[in-house]
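Note that numbering that gives the first Met the number 0 gives residue 156 to position 157 of the sequence shown, counting from 1, and the numbers run on in steps of one.
Idealized CB from N, CA, C, for every residue including glycine.
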Amino acid sequence: MAYQHIYGPVNSRRLGKSLGVDLLGAKICSFNCVYCERGRTDQLTVERKEYVPTEELTAELSSFLADRPELNYISFSGCGEPLLHKQFGQISAYLQENFPQYKQALLTNSSLITAEILTELKNLDLIVPSLDAVSESTFKKINRPYKNIKIEQIIENLAKAKQELAAEMWLEIFLLPGINDHQEELELFKKAVKTIKPDKIQLNSLARPGAEKWLEKMSRSRLEEIADFLGAKVEIVADY
């Protein structure tokens, strides 16, 4: 069977052996991040709809998993924001019902983790949300979000998700020198982490060229300084 909506398994430095699930089929996202290795967003939106047919996707998962391959995670990631697919909860529930031996992970930009969809996330074992800024001006500069998305609401929603869901949460902070590593922003990050209470904080930086050519990768030594500042539960996941 030729697969269009799943890929891998890939050996992820964070998730181990991971089968990727792409729910969108294109670069569709609620953000247009300057550092995205997939390039600029083709369709900037917050509209949730069935971007790829749910039946096709579950058929591919059923075919691939029929032989019970060894996996650390089935990860919802792909080219854009996975939660834009309006049947996310149904797909996750399908995996839980038919292949409960596999852990499910969600890699998300955090913008759509609202109180209204928390029930769709109940079968997840791991959520890896991004938080690249806390001040509104830096948020807009790095993530270039769809209109009306506010970083304050994102932080509030992440804290609610951590409180109400059983899944582990590894908060990813993507750092860019001269943009979100100044002391004022770092103080705000520290405050946000205390509000969200993730199980881990993972610091990342450029591994491959991003959507914009002017970006630079943060040095390992600077990441170590920031890790020390943010305190416990912090690890560096940037590839050096």
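Check	Outcome
Would you identify the three-state DSSP class for L60, choosing helix, strand or coil?	helix
Is F30 helix, strand or coil by DSSP?	coil
Taking only the alpha-carbon atoms, compute the straight-line gap between T113 and D21 and give it to the nearest angstrom.	21 Å
List, from N- to C-terminal side, the beta strand (DSSP E) runs of 3 residues or more that fit wholly inside the stretch 151-221.	167-173 and 199-203
Out of H181, K212, S129 and L83, point me to the one whose CA is closest to I153's CA.	S129
P197: which of K146, N142 and L125 sits nearest, CA to CA?	L125
Under three-state DSSP, which class holds F228?	helix
Kindly indicate which residue of K232, L164, A210 and N179 has the alpha-carbon position closest to the one of K193.	K232
Which residue marks the beginning of the alpha helix (DSSP H) containing K139, and which one marks its end?	E135 to N142
Could you give the distance in angstroms between the alpha-carbon of L174 and the alpha-carbon of E36?	14 Å
Is T113 close to chain D? Criterion is C-beta to C-beta, closer than 8 Å.	Here chain D cannot be found, since the structure has a single protein chain.
Taking only three categories from DSSP, how would you classify G49?	Per the sequence shown, the amino acid found at residue 49 is Glu instead of Gly. In this structure, E49 counts as coil in the three-state DSSP scheme.
Starting from the C-beta of K216, find all residues in its chain whose C-beta is less than 6 Å away, skip the five residues before and the five after it, and write them out in chain order.	S204 and L205
Checking 8 Å against the spacing of the C-beta atoms, do L94 and L111 come in under that value?	no
For the stretch 114-122 against the stretch 64-81, do three or more pairs of beta-carbon atoms, one drawn from each stretch, fall closer than 8 Å, so that the two count as touching?	no
In three-state DSSP terms, what is N122?	coil
Check whether the stretch 140-151 and the stretch 36-49 touch, using three or more Cβ-Cβ pairs below 8 Å as the test.	yes
Report the three-state DSSP secondary structure of L106 (helix, strand or coil).	strand
Would a C-beta distance cut-off of 8 Å place L56 and I90 closer than the cut-off?	yes
Do three or more CB pairs link the stretch 99-109 to the stretch 42-52 at distances below 8 Å?	no
Shorter than 7 Å, the distance from the beta carbon of N108 to the closest heavy atom of the ligand NAD, or not?	Summarising the ligand content, the structure contains no ligands, and the ligand NAD is consequently not present.
Nearest-angstrom Cα distance between V45 and H181?	30 Å
Would you list the one or two residues that DSSP bridges to P128?	T107
In this structure, does DSSP put F98 in helix, strand or coil?	coil
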